[in-house]
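Read the structure below first, then the notes.
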Amino acid sequence: MDIGNLMVIKNLQYVILGAIILFSILSLIVIKPLKKFIFIFLFYLFSGFLYITLEFMELTFILSVPILLFMSIFYLFELKKDIFSIKNISEDGDIDYASAYFTDKESGKSDTKKTVLNLVAPVLFSALIIVLYFIFNGGYIKSFKITDKITIVAFSDIAKEVFSNYMILVIMLIISLFVLVIWSTTIINNRRKR
Amino acid sequence: MNITFIFLASSLLFLIGVFGSLFFGSVTKIIISLQCILTAAVINFLGFAQILYGTSVWAVTFVLISVILIFLFQFMIVFYLNSNTYQYQSDGFDFSSGLYYFGIKDWLGE
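So the protein lines, in turn, are chains D and G.
Residue numbering for the first sequence follows the numbering used here, beginning at 7 and increasing consecutively.
Residue numbering for the second sequence follows the numbering used here, beginning at 4 and increasing consecutively.
Dropping the structure here:
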């Protein structure tokens with residue numbers, strides 16, 4: 007399948023990339039959970055729009071399923087954290103978590119060295135990444151140009167690729183085994199505590 | 004459209020993710036910044052695939068499978084945290100009591 011109007015798509019990419027960065031910053035800054043999740047949803051939506059403009063339309067539709075599953079459990083976690091937070095547990099009576107928690111927080115405020123280190127270390131680390139990016143990556147990207155003709159992959163082609171190219175299945179198996187090992191060890195750890 | 008803009012924007016998104024995952028203490032913000040890193044990686048990968056090969060089926064299938072697996076892993080982490088919410092302090096993530104901690108007693112027994 008070919009697409010004709012390349013000019014519109016290529017001008018849209020500026021707006022969409024700007025929106026992705028804006029919504030990612032907003033979702034990190036905003037404190038209220040509902041607004042935060044609205045911004046995360048917009049972040050995912052605009053990243054899906056970018057996949058469409060990069061001519062990978064089928065990714066937007068297939069990736070929406072795991073993203074929605076993940077978003078739902080993440081939102082439930084955020085709600086549950088609000089309901090069963092440490093303040094609310096302390097109302098039950100037996101153990102006073104809240105007073106211990108808030109005294110820790112107040113004593114932490116005076117420790118300025120810790121907060122300065124907490125701010126300076128990430129700034130230095132990201133500055134190092136920027137410097138490395140511009141030293142090693144400066145003139146390399148400029149030599150590339152986007153192809154003029156746009157084609158979109160059909161679902162049958164993806165199925166053919168999965169059935170013919172066995173490396174994808176091998177990589178998938180290795181990653182799933184890795185995930186399974188980590189998950190099973192954490193479950194064993196959790197059951198021993200009980 | 005200049006292709007350098009895509010790479011610069013994705014690297015900026017990656018930096019936001021790195022800074023957020025190092026700076027913030029709460030679990031929610033760390034997971035969101037990990038999402039930023041993941042999205043930046045996917046944008047970079049798809050941009051390079053678009054430039055070098057046109058639209059390649061290999062890129063689409065690889066991104067699909069890898070991103071779905073990463074989402075599965077994150078789903079499991081959040082599910083684990085969701086099942087043990089009462090144990091966690093909401094503002095700080097204590098690495099010593101739960102995921103990522105393997106004491107010697109867990110391997111050898113009491």
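Backbone N, C-alpha and C define an ideal beta-carbon position, used for all residues, glycine too.
Computed from a predicted structure; not experimentally measured.
Just to confirm the assignment, what range does the alpha helix (DSSP H) spanning residue i have?
| i | result |
| --- | --- |
| S29(G) | Here S29(G) belongs to no alpha helix (DSSP H), and DSSP marks it neither H nor E. |
| I37(D) | That residue, I37(D), is in no alpha helix (DSSP H); it is neither H nor E in DSSP. |
| E84(D) | M63 to I89 |
| A62(G) | V60 to S86 |
| Y139(D) | T118 to N143 |
| A165(D) | F161 to S170 |
Check whether the Cβ atoms of residue i and residue j sit closer than 9 Å, and answer yes or no.
| i | j | result |
| --- | --- | --- |
| L72(G) | A62(G) | no |
| I89(D) | F82(G) | no |
| F76(D) | Q77(G) | yes |
| N85(G) | F83(D) | yes |
| V60(G) | E167(D) | yes |
| Q19(D) | L48(D) | no |
| I6(G) | I46(G) | no |
| V21(G) | I135(D) | yes |
| E64(D) | I188(D) | no |
| I68(G) | I34(G) | no |
| P72(D) | V30(G) | no |
| L75(G) | V185(D) | yes |
| L25(G) | A127(D) | yes |
| A17(D) | T64(G) | Reading off the sequence, residue 17(D) comes out as Asn, not Ala. Cβ atoms of N17(D) and T64(G): not closer than 9 Å. |
| I46(D) | S33(D) | yes |
Any 3 or more C-beta pairs closer than 8 Å across the region 9-18 of chain G and the region 28-47 of chain G: Yes, since at least three Cβ pairs between the region 9-18 of chain G and the region 28-47 of chain G fall closer than 8 Å, the two stretches touch.
Three-pair Cβ contact test at 8 Å for the region 52-66 of chain D versus the region 32-43 of chain D: The region 52-66 of chain D vs the region 32-43 of chain D: no contact.
Meets three-Cβ-pair contact criterion under 8 Å: the region 131-143 of chain D and the region 28-39 of chain G: The region 131-143 of chain D is not in contact with the region 28-39 of chain G.
Three or more C-beta pairs below 8 Å linking the region 18-34 of chain D and the region 116-129 of chain D: For the pair of segments examined, the region 18-34 of chain D was found not to touch the region 116-129 of chain D: the number of CB pairs separated by less than 8 Å stays below three.
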